[in-house]
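Q: In my numbering, the protein residues as written are -6 to 293.
For every residue, glycine included, the Cβ atom is placed at its ideal position computed from N, Cα and C.
Starting off with a structure, shown below.
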């Protein structure tokens, strides 16, 4: 069978590298994949690690300059995995690249966006979080561009919820733990980064099943106390936290963080998860993430 060539943006970041790993696990003699991984610095340690993987070609470029990217690629790129950084150039990272990809004949674009309160609400609610609204605009542009292509290019949108992987023993991880504690009994939808990679890989591998779908990715749905209990059962210690003054100070100083946590406290991610989709995609719950993906030492 013909090799599927996939261009992966953000390949040295958490989501992009998860997609690389998931696609390489799927690649076989029936559906072989070759991955073209985009990085601004091919000499960086993460990029060099990518170079050592089989069926991976590292290319240098910036997603805001798509013509330069495609000049380094073979003409038969099947898919594009698109992830954007939440900054002032977020639209510029996405829309020109989408347009050039369609012009070059890319068959399937998978965009990782952000959940905005569940499948139905995400279609219409930009939320109070600025970069969530930007991602909603990119989703709309992607759908419209693919429609103009008369379906020669298909789309899949991934809408991950809050990353389990942000929970860590680091200063940032402890600060996040404190912010989660401040949410009280409000539940939070959670997803592991590795499962975002898995969902993207499945979309490329099974386009008949996943093209034209926007998938809210939630592997678990917990309050802080519920997370803390699972954490204690698995590690023997409580979820890492720090002084509230530290968490409050960071939220005061970083406007986007402050707005995001306010959205979560007010129940933006408190809707009940879709257990059927979680089973279909094989998404990890919090306990499984602790055992399989986290770096925390476990009791067993």
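Could you check what DSSP says for residue 62 in three-state terms: helix, strand or coil?
A: Here the question's residue 62 lines up with position 69 in the chain shown. Helix at residue 62.
Q: Rounded to whole angstroms, how far is the Cβ of residue 176 from the Cβ of residue 217, which I believe are closer than 8 Å?
A: Your numbering for residue 176 matches position 183 in the chain shown. Your numbering for residue 217 matches position 224 in the chain shown. So it is a contact: roughly 6 Å between Cβ atoms.
Q: By Cβ distance, which residues of its chain are closer than 6 Å to residue 54, with the 5 residues on each side in sequence left out?
A: Here the question's residue 54 lines up with position 61 in the chain shown. These residues qualify, in order along the chain: 31, 61 and 62.
Q: Report buried or exposed for residue 358, applying the criterion of at least 16 other Cβ atoms within 10 angstroms of its Cβ.
A: Residue numbering for the chain in the displayed model covers -6 to 293; residue 358 lies beyond these limits and cannot be assessed.
Q: Between the beta-carbon of residue 282 and the beta-carbon of residue 185, is there less than 9 Å?
A: As a working mapping, residue 282 is identified with position 289 in the chain shown. As a working mapping, residue 185 is identified with position 192 in the chain shown. Contact: yes.
Q: Flag this pair as yes or no: are the beta carbons of residue 100 and residue 147 separated by less than 9 Å?
A: For this step, residue 100 is matched to residue 107 along the chain shown. For this step, residue 147 is matched to residue 154 along the chain shown. Yes, they are a contact pair.
Q: Identify, in the order they occur along the chain, each residue of the same chain with its Cβ nearer than 7 Å to the Cβ of residue 265, setting aside the five sequence neighbours on each side.
A: Here the question's residue 265 lines up with position 272 in the chain shown. If we look at residue 265 and ignore the five residues flanking it on each side, its Cβ neighbours are 214.
Q: Per the DSSP calculation, residue 184 is bridged to which residue(s)?
A: As a position in the chain shown, residue 184 is number 191, starting the count at 1. In DSSP, residue 184 forms a bridge with 156.
Q: So the alpha helix (DSSP H) residue 49 belongs to, where does it begin and stop?
A: On the chain shown, residue 49 is found 56 positions in, with the first residue counted as 1. Not the alpha helix (DSSP H): residue 49 falls in the beta strand (DSSP E), residues 49 to 53.
Q: Give the DSSP-derived three-state secondary structure of residue 95 in the structure shown.
A: Sequence index remark: in the chain shown, residue 95 carries index 102 (1-based). If DSSP states are grouped into helix, strand and coil, residue 95 belongs with the helices.
Q: Would you call the segment 38 to 50 in contact with the segment 215 to 234, where contact means no fewer than 3 C-beta pairs closer than 8 Å?
A: Taking 8 Å as the limit for Cβ pairs, the verdict is that the segment 215 to 234 does not touch the segment 38 to 50.
Q: Which complete beta strand (DSSP E) runs does the segment 98 to 179 hold, if anything under 3 residues is left out?
A: Within the segment 98 to 179, the complete beta strand (DSSP E) runs of at least 3 residues are 101 to 105 and 147 to 153.
Q: How far does the alpha helix (DSSP H) with residue 26 in it reach, from first residue to last?
A: On the chain shown, residue 26 is found 33 positions in, with the first residue counted as 1. Per DSSP, residue 26 belongs to no alpha helix (DSSP H); it is in the beta strand (DSSP E), 26 to 32.
Q: What does residue 74 pair with, by DSSP beta-bridge criteria?
A: Along the chain shown, read from residue 1 onward, the residue named residue 74 stands at position 81. Note: residue 74 sits in a beta bridge opposite 1 and 103.
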